[in-house]
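Undergrad: The structure follows.
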Amino acid sequence: MYTGSAEANKDSHAPRNALRVEPDFKDGFYPCEQDGAWILVPDHRGTKVYDLITAEESEIKELGELPDGVTIIVPDVEFPKWNGKKWVTDKSAKKDSDIAAAEAQKQYLTAVATSTIAPLQDAVDLDIATPEEISALKEWKTYRVMLNRVDTSPGADVVWPMPPA
């Protein structure tokens with residue numbers, strides 16, 4: 246590996262394995278010795294690359310050609326999938342994510358409704374509920390039932406019920 250030149254003592258001799266010719270330099274390449282001669286090896290060190298399967302970013306740290314299975318093209322879409330030339334949206338992954346998000350939202354809203362219903366139900370069970378609490382309990386229970394009926398299956402048009410005021 247060439248690291249630079251310096252003046253040698255007049256009486257010193259280069260080692261037998263030393264190359265006496267300064268290498269050529271070219272942008273994007275690094276000179277390396279091979280079989281007693283300089284060769285230019287592609288230098289992608291510091292280049293960000295993206296895995297063609299996972300779209301995960303990494304950085305090249307070694308000299309040489311880019312490894313198989315990566316591209317320098319930045320994934321510019323949500324749910325990236327490599328089509329051989331560019332990144333496209335993986336519709337299946339997007340659909341799965343949308344379904345999971347809808348299910349998570351349904352569970353969250355149901356938990357909120359259940360936590361609101363509990364003290365109202367306690368007041369009714371203890372015969373100390375006000376008319377407003379009885380009305381609110383009915384509204385929240387109705388809301389929770391309507392939440393339970395929300396269809397989050399693939400292809401469904403998810404419509405969320407409005408919570409009680």
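Start counting the sequence shown at 246; every next residue gets the next number (my numbering).
Even glycine gets a Cβ: it sits at the ideal position worked out from N, Cα and C.
(1) Could you pull out every residue in the same chain whose Cβ sits closer than 8 Å to the Cβ of residue 274, ignoring the five residues on either side in sequence?
(2) Using 9 Å as the threshold, is the C-beta distance between residue 333 and residue 408 below it?
(3) Can you tell me whether residue 394 is buried or exposed, with buried defined as 16 or more other CB within 10 angstroms of its CB?
(4) Can you tell me which of the three DSSP states residue 351 falls into?
(5) Between the Cα of residue 404 and the Cα atoms of 331, 317 and 350, which residue gives the shortest distance?
(6) Go through its chain and collect everything with a Cβ distance to residue 267's Cβ below 7 Å, but skip five positions before and after it.
(7) Would you kindly work out how many angstroms separate the C-alpha atoms of residue 352 and residue 359, rounded to a whole number?
(8) What residues are listed by DSSP as bridge partners for residue 275?
(9) Is the region 309-328 in contact with the region 292-300, if contact means three or more CB pairs nearer than 8 Å?
TA: In terms of the structure at hand:
(1) Position 29 of the sequence shown holds residue 274. 285, 286, 287 and 288, listed in sequence order.
(2) By 1-based counting over the sequence shown, the position of residue 333 is 88. By 1-based counting over the sequence shown, the position of residue 408 is 163. No, the Cβ-Cβ distance between residue 333 and residue 408 is not below 9 Å.
(3) Numbered from its first residue, the sequence shown carries residue 394 at position 149. When all chains shown are included, residue 394 counts as exposed.
(4) Sequence index remark: in the sequence shown, residue 351 carries index 106 (1-based). Note: residue 351 maps to helix in three-state DSSP.
(5) Numbered from 1 along the sequence shown, position 159 holds the residue referred to as residue 404. When only C-alpha atoms are compared, the closest one is 350.
(6) Position 22 of the sequence shown, counting from 1, holds the residue named residue 267. 250, listed in sequence order.
(7) Translated into positions along the sequence shown, residue 352 becomes position 107. Translated into positions along the sequence shown, residue 359 becomes position 114. Their backbone Cα atoms lie some 10 Å apart in a straight line.
(8) The residue given as residue 275 occupies position 30 in the sequence shown. BP columns for residue 275 point to 286.
(9) yes
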